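FYI, in the working numbering the residues of the sequence shown are -13 to 336.
Glycine residues also receive a C-beta, built at the ideal position from the N, C-alpha and C atoms.
In this text, all values refer to a predicted model and were calculated from it rather than measured experimentally.
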Amino acid sequence: MKVIENIKTIPKVQKFRYAMIILTSMTLLGPLAFLPQLVGSDDLCGSLCMRRFYLYFPGMTWEDFFVHVNAASIGVMAFSLIMITTLFFGRIWCGYLCPVGGLAELSSRMLNDRWKIEFRSLPQIQIRYGYFGFFLVAMPALGISACSLCNFITIPRLIEAMSGEYRGMMFLVSSVGLVNLGLLLLLGVFASKGRAYCQFMCPIGAADGLVNRLGAKMPFARRIRVAKERCTGCNICARNCMCGAIKMVDRIATVDQVSCMSCHECVDVCDWNALAWTTKPNHKVNEPKRIKKNTEIFPLPDWQAVHFNPVKADAVESAVKTGPAISVLSVFNAMIFLTVISIIIVGSFL
Ligand code: SF4
Ligand code: SF4
Ligand code: SF4
-13 MKVIENIKTI PKVQKFRYAM IILTSMTLLG PLAFLPQLVG SDDLCGSLCM
37 RRFYLYFPGM TWEDFFVHVN AASIGVMAFS LIMITTLFFG RIWCGYLCPV
87 GGLAELSSRM LNDRWKIEFR SLPQIQIRYG YFGFFLVAMP ALGISACSLC
137 NFITIPRLIE AMSGEYRGMM FLVSSVGLVN LGLLLLLGVF ASKGRAYCQF
187 MCPIGAADGL VNRLGAKMPF ARRIRVAKER CTGCNICARN CMCGAIKMVD
237 RIATVDQVSC MSCHECVDVC DWNALAWTTK PNHKVNEPKR IKKNTEIFPL
287 PDWQAVHFNP VKADAVESAV KTGPAISVLS VFNAMIFLTV ISIIIVGSFL
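Put into structure tokens, the structure is as follows:
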């Protein structure tokens, strides 16, 4: 069976990652679905929410901001914890723990490739931060609720509906529920590698990506780094990257630290050991050599968290075609994506 074959081909580190995701899904999503009924409060989402407290409303004061922070106290703590972890270790929450992005990725992995839409070659930084700005400022100003586009509520409601709960079923047949379910399927399950929602629309992912990029230059920060001198430019890592975070510049793999989730898939597939999750080198490039079992291994790689500059990459003529190729299909996907977003925005007004 194709699903079993797909599972067998998953590398070891990725199996561990999926086990973590399944574990967090069971520990977080179940309680999130049923806690409101158990404690008789509908406002758990309010105190748990990690995505609303930083919205800017017209005329908002600092006092209002702290009221929002206070109302979402657990969500603020979780958000801060995620950002601190990211600063030191990369986007561990997104890559290893988040049940929403993780389950979408896992479902997409089980699906046959011919059903999937390729979103990874779209200009994700422009779309993600364009939408992030819209989410932070324009949506509150236009009176569109941040909750109307929340992927974090869709899966718990789905679980509720499947267990026969009235609220879950009503959510799924409401316009907000249908839009969110559509997004989960289109940008998750049916997206190539399952991370298109993370790439384009998740506000937590957008903030997390900025912190990841910010920390990449710090000497203590672990990131996926490239040893330029080892990279052959074979492009395999780029084709396998779930976030479209690797591009070839001058035939060398470069990692976009805003998008990378430290999932290790690229490390697994690189036959040349040119990628590693590591800190910045603390040696001068040609010295000292690493000595292992009395054998000198050199040159010691100069691990670099090279940040992908989209403008530069476009200008580099010698850049080989990168992983998810830009093709007629990509343009078609872009049109689907923009149409869906337009429907959502218009739908949110209705
Ligand atoms: S980007 Fe958002 S949905 Fe995706 S893994 Fe991160 S927090 Fe979860
Ligand atoms: S798989 Fe390894 S050698 Fe090939 S492009 Fe990526 S980093 Fe370079
Ligand atoms: S660059 Fe590597 S570690 Fe980062 S998201 Fe892509 S495959 Fe995963």
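For Thr140, no pairing in a beta bridge is given by DSSP. In the three-state reduction of the DSSP assignment, Ala132 falls in the helix class, which pools H, G and I. In the structure shown, Val241 adopts extended strand secondary structure according to DSSP, grouped into three states.
Taking all protein chains shown into account, Pro142 has 16 or more neighbouring C-beta atoms within 10 Å of its C-beta and is therefore buried.
When the five nearest sequence neighbours on each side are left out, the beta carbons in the same chain lying within less than 6 Å of the beta carbon of Met36 are those of Gly61, Ala64, Phe65, Ile190, in order along the chain. In the DSSP annotation of this structure, Ile103 is not part of any alpha helix (DSSP H), being labelled neither H nor E. Counting only beta-carbon distances shorter than 5 Å to the non-hydrogen atoms of ligand 1, the qualifying residues in chain order are Cys80, Cys84, Val86, Gly87, Cys184, Cys188, Ile190, Gly191. Close CB contacts of Phe138 within its chain, under the 6 Å cut and outside five residues either way in sequence, are with Val86 (chain order). Annotation: Ser131 to Ala5 spans about 34 Å, alpha carbon to alpha carbon. Three or more beta-carbon pairs separated by less than 8 Å link the segment 40 to 56 to the segment 111 to 126, which places the two stretches in contact.
Ranking Ile7, Ser59, Met96 by CA distance to the CA of Thr(-5) puts Met96 first. A residue is called buried when at least 16 other Cβ atoms come within 10 angstroms of its Cβ; Thr140 meets this threshold and is buried. Every unbroken stretch of the alpha helix (DSSP H) spanning 4 or more residues and falling wholly within the segment 153 to 203 is given here in chain order: 161 to 170, 182 to 186, 189 to 201.
In this structure, the straight-line span from the alpha carbon of Thr264 to that of Arg208 is close to 5 Å. Note that the C-beta distance between Ile70 and Trp79 is not below 8 Å. Here the alpha carbons of Val175 and Leu14 stand approximately 20 Å from one another.
Bounds of any beta strand (DSSP E) do not take in Lys1; it lies within the alpha helix (DSSP H) bounded by -2 to 10. Gly195 places its beta carbon 8 Å or farther from that of Met228. A distance criterion of 7 Å places the beta-carbon of Cys227 in contact range of ligand 3, judged by its closest non-hydrogen atom. With contacts defined by Cβ atoms closer than 8 Å, Ala239 and Ala260 form a contacting pair.
Under the three-state reduction of DSSP, Trp263 is assigned to strand. Checking the 7 Å criterion, the Cβ of Cys252 is within range of a heavy atom belonging to ligand 3. Cα atoms of Trp48 and Lys102: separation of roughly 45 Å, rounded to the nearest angstrom. Assigned with DSSP and collapsed to three states, Ala231 falls in coil, not helix or strand. One alpha carbon belongs to Ala57, the other to Ile111, and they sit about 31 Å apart.
For Gln185 and Val253, the gap between their C-alpha atoms comes out near 20 Å. Ala58 is not bridged by DSSP to any residue. Collapsing the DSSP output to three states places Arg216 in coil.
According to the DSSP secondary-structure assignment, Arg77 is paired through a beta bridge with no residue.
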